[in-house]
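Numbers in this note's numbering are just positions in the sequence shown, counted from 1, shifted up by 1. All C-beta atoms, glycine included, are put in the ideal place defined by N, C-alpha and C. What follows is one structure encoded as C-alpha cells, with my remarks underneath.
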Amino acid sequence: MQTTISPDVTIRETVDQHPGAERVFAAHGLPCAGCHVSTHETIRQGAGAHRLDLDALLADLNRFVADGTVPPPRERPAAHPPGPQKRELKAGIKHVVAIMSGKGGVGKSLVTGLLAVALQRQGLRVGILDADITGPSMARLFGVSARPYQGADGKPHPPASKSGIAIMSMNLLTDKETDAVIWRGPMVSRAIQQFYADLEWGELDYLLIDLPPGTSDAPLTVLQALPVSGVVLVSTPQGLATMIVSKAIKLVQQLHAPILGIVENMSYYRDPESGRRFDLFGPSKGVSLVVESGAPLLAELPIDSSLTALCDEGRIEEYHSADYDALAANFQNVSAKI
Ligand code: ADP
Numbered sequence: 002m003q004t005t006i007s008p009d010v011t012i013r014e015t016v017d018q019h020p021g022a023e024r025v026f027a028a029h030g031l032p033c034a035g036c037h038v039s040t041h042e043t044i045r046q047g048a049g050a051h052r053l054d055l056d057a058l059l060a061d062l063n064r065f066v067a068d069g070t071v072p073p074p075r076e077r078p079a080a081h082p083p084g085p086q087k088r089e090l091k092a093g094i095k096h097v098v099a100i101m102s103g104k105g106g107v108g109k110s111l112v113t114g115l116l117a118v119a120l121q122r123q124g125l126r127v128g129i130l131d132a133d134i135t136g137p138s139m140a141r142l143f144g145v146s147a148r149p150y151q152g153a154d155g156k157p158h159p160p161a162s163k164s165g166i167a168i169m170s171m172n173l174l175t176d177k178e179t180d181a182v183i184w185r186g187p188m189v190s191r192a193i194q195q196f197y198a199d200l201e202w203g204e205l206d207y208l209l210i211d212l213p214p215g216t217s218d219a220p221l222t223v224l225q226a227l228p229v230s231g232v233v234l235v236s237t238p239q240g241l242a243t244m245i246v247s248k249a250i251k252l253v254q255q256l257h258a259p260i261l262g263i264v265e266n267m268s269y270y271r272d273p274e275s276g277r278r279f280d281l282f283g284p285s286k287g288v289s290l291v292v293e294s295g296a297p298l299l300a301e302l303p304i305d306s307s308l309t310a311l312c313d314e315g316r317i318e319e320y321h322s323a324d325y326d327a328l329a330a331n332f333q334n335v336s337a338k339i
C-alpha cells in the first residue's frame, strides 16, 4: 500500500518513520530535520518558516518513500534581495555612488556638484545623474541647458558641463526650466532607471547620483535597482536634519549598501575679517552620525555666502576651496576600498 506523507505530521515523526528522509528536507533547505525544533514543527510549518515550496517538498518526500530517490539540492530564494552593490555595473563605469540626505535643503545637491568638480580637478572622470526628477537642480548649478544628444555611435549621450562633467537632469528634457514634472512614484523610478541604463555615459571613474531627500520611491529605486557601490550621507548640525538623516542611515543599512561616509554641510561660518568660527546651527553632530553609521566623517563644510551667487548663475565650477579638495581626497580613500 502506498504511504502518502501528510504536511501536518512533525518533521521528526517523518524522519523516524522514513529513515533517510532528512536528506530530502536538507535538499529543500531544511537541514533542521535532526534538531530540536523538528520535534514539534510540522512539515507545513517548517516549509512556511523557511519559505519553501510545500507541494514540491511533499512530492519529493513521497517519491523518497516510494523509491528512495533523494533530489538534488534546490536553489533557495535569498533571505534578502541581493544588495545593490552586487548588481552589475554598466561597462565603462567604475563606481556608482549615491548622495543622500534625510532632509531637503541641507546642501546635498551643492555637495554633489562640488564633489564632482573637485574629483574632476584631480584628473578623474565624473558624471552626475540627477535623480531628483521632480525638483532637479544639477543643470542649473552647472549652467547646462543642452539636451542629451545622439553620438556618432547612434546612442543618446548626456551633455557635458564646461569642465567635462557628464550631466543628466530632468530639466534638460522639459521645455522650460520652470515646467513642473507632476509624476507619481513609479514614473519617477522608471525615469531614473532610464537615465542610467539608456544613456551612454562613457568611461567614468564615478557616477554620482544626486537623490531627492527622504526615503521614498526614488532613493529605494536607486538603492535596489542600480549597482550602487556606496552611499554618502549629507547632513547639517541642526538637530532636525540629524534626526532625519538617521532614518536614511537605517534605510541604507536595511538595503545592505555600504555607507562610504558622512558630510556635514553648513557646519560653521568663518568670519573673513577676524577668522573666528561661528557654529550657526549649533555644535557639530558629525561624531554622533559617525557612531550611528559606522562610517567616517568625510568633511565639515563651512557656510560660504559666495556660493549662492555662483550656484544661481550656473558657475559652480568656478568655486575653489581647500575644504572640497579635502572632501574629494577623503572620498577617494574610502571609495578605493569598495
Ligand atoms: P538639497 O539638495 O539638500 O535640497 P541644495 O544643495 O539645493 O540642498 O542647497 C540648498 C540651498 O542652500 C542652495 O541655495 C545652496 O546654494 C545653499 N547652500 C548649501 N550649502 C551651502 C553652503 N555650504 N554655503 C552656502 N550656501 C549653501
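Which residues does DSSP pair with His158 in a beta bridge? What you label residue 158 is simply residue 157 of the sequence shown in a count that begins at 1. Looking at the DSSP assignment, His158 forms a beta bridge with Tyr150.
Leu234: first and last residue of the uninterrupted beta strand (DSSP E) it sits in: Stepping through the sequence shown from its first residue, residue 234 is reached at position 233. Looking at the DSSP string, the run of the beta strand (DSSP E) that includes Leu234 is 231 to 236.
Determine the extent of the beta strand (DSSP E) in which Asp131 is found, giving its start and end residues. Residue mapping note: residue 131 aligns to position 130 of the sequence shown, counting from 1. Its beta strand (DSSP E) spans residues 127 to 131.
As assigned by DSSP and simplified to three states, the class of Ala99: On the sequence shown, position 98 is the one that residue 99 refers to. In this structure, Ala99 counts as strand in the three-state DSSP scheme.
Cβ-Cβ distance between Thr1 and Val107 below 8 Å: No answer is possible for residue 1: it lies beyond the span of the chain, which begins at 2 and ends at 339.
So the candidates are Gly93, Thr113, Tyr270; which of them puts its Cα closest to the Cα of Ala329? On the sequence shown, residue 329 is found 328 positions in, with the first residue counted as 1. The residue with the shortest Cα to Cα distance from Ala329 is Thr113.
Give the DSSP-derived three-state secondary structure of Ile6 in the structure shown. Counted from its first residue, the sequence shown places residue 6 at position 5. Ile6: coil per DSSP, three-state reduction.
Indicate whether the contact test is met: 3 or more Cβ pairs, each with one atom in the region 125 to 135 and one in the region 208 to 220, closer than 8 Å. yes
Can you determine whether any heavy atom of ligand 1 sits closer than 7 Å to the C-beta of Ile129, and answer yes or no? Sequence index remark: in the sequence shown, residue 129 carries index 128 (1-based). Ile129: no, Cβ never under 7 Å from ligand 1.
Return the CA-CA distance between Arg141 and Ser110, expressed in angstroms with no decimal places. As a working mapping, residue 141 is identified with position 140 in the sequence shown. As a working mapping, residue 110 is identified with position 109 in the sequence shown. Taking the straight line from one Cα to the other gives about 11 Å.
Ile250: first and last residue of the uninterrupted beta strand (DSSP E) it sits in: Looking up residue 250 in the sequence shown gives position 249. Counting along the chain, Ile250 falls outside any beta strand (DSSP E), though it belongs to the alpha helix (DSSP H) covering 240 to 255.
Quick check on the burial criterion: 16 or more other C-beta atoms within 10 angstroms. Buried or exposed for Thr222? To locate residue 222, count along the sequence shown from 1; it is residue 221. Classification of Thr222: buried, given that the 10 Å Cβ count is 16 or more.
Compute the minimum distance between the beta carbon of Thr309 and the heavy atoms of ligand 1, and state whether it is under 7 Å. As a working note, residue 309 is residue 308 in the sequence shown. Result yes, Cβ under 7 Å from ligand 1.
For the region 153 to 209, which segments carrying the beta strand (DSSP E) assignment without a break, of at least 3 residues, lie completely within its bounds, in sequence order? 167 to 169
Can you give me the start and stop residues for the beta strand (DSSP E) that Leu298 sits inside? The residue labelled residue 298 in the question sits at position 297 within the sequence shown. Unbroken beta strand (DSSP E) run through Leu298: 298 to 303.
Which partner residues does Glu42 have in the DSSP bridge list? Counting from 1 along the sequence shown, the entry for residue 42 is found at position 41. For Glu42, which the question treats as bridged, DSSP gives no partner whatsoever.
Which residues bound the alpha helix (DSSP H) around Ser336? Here residue 336 refers to the residue found at position 335 of the sequence shown. Unbroken alpha helix (DSSP H) run through Ser336: 323 to 336.
When the Cα atoms are used, what is the spatial distance from Gly287 to Ile250? Position 286 of the sequence shown, counting from 1, holds the residue named residue 287. Position 249 of the sequence shown, counting from 1, holds the residue named residue 250. Going from the Cα of Gly287 to the Cα of Ile250 covers about 13 Å.
Could you check what DSSP says for Arg13 in three-state terms: helix, strand or coil? One-based indexing of the sequence shown puts residue 13 at position 12. Look at Arg13 here: in three-state DSSP terms it is helix.
What do you get for Tyr325, buried or exposed, if any count of 16 or more other CB atoms within 10 angstroms of its CB means buried? Translated into positions along the sequence shown, residue 325 becomes position 324. Classification of Tyr325: buried, given that the 10 Å Cβ count is 16 or more.
From Arg306 to Val264, what does the alpha carbon distance come to, in whole angstroms? For the purposes of this step, residue 306 is taken as the residue at position 305 of the sequence shown. For the purposes of this step, residue 264 is taken as the residue at position 263 of the sequence shown. Reading the sequence as shown, one finds Ser at residue 306 and not Arg. Their backbone Cα atoms lie some 19 Å apart in a straight line.
Which class does Ser268 belong to by DSSP, given the choice of helix, strand or coil? Reading the sequence shown from its first residue, position 267 is the one you call residue 268. Here Ser268 sits in strand by DSSP.
Taking the alpha-carbon positions, what's the His321 to Ile134 distance? Taking the first residue of the sequence shown as position 1, residue 321 is located at position 320. Taking the first residue of the sequence shown as position 1, residue 134 is located at position 133. Taking the straight line joining both Cα atoms gives about 28 Å.
Could you check where the alpha helix (DSSP H) with Leu111 kicks off and where it finishes? Locating residue 111 in the sequence shown gives position 110, counting from the first residue. Note, Leu111: alpha helix (DSSP H), 109 to 122.
Can the beta-carbon of Met171 be found closer than 8 Å to that of Leu200? Position 170 of the sequence shown, counted from the first residue, corresponds to residue 171. Position 199 of the sequence shown, counted from the first residue, corresponds to residue 200. Cβ distance not < 8 Å, so Met171 and Leu200 don't count as in contact.
Answer yes or no: the CB of Ile245 versus the heavy atoms of ligand 1, is any distance below 7 Å? Locating residue 245 in the sequence shown gives position 244, where the first residue counts as 1. Because no heavy atom of ligand 1 lies under 7 Å away, the Cβ of Ile245 does not count as near it: no.
Val235 beta carbon less than 8 Å from that of Ile260: Position 259 of the sequence shown, counted from the start, is the residue given in the question as residue 260. Position 234 of the sequence shown, counted from the start, is the residue given in the question as residue 235. The answer is no: Cβ separation not under 8 Å.
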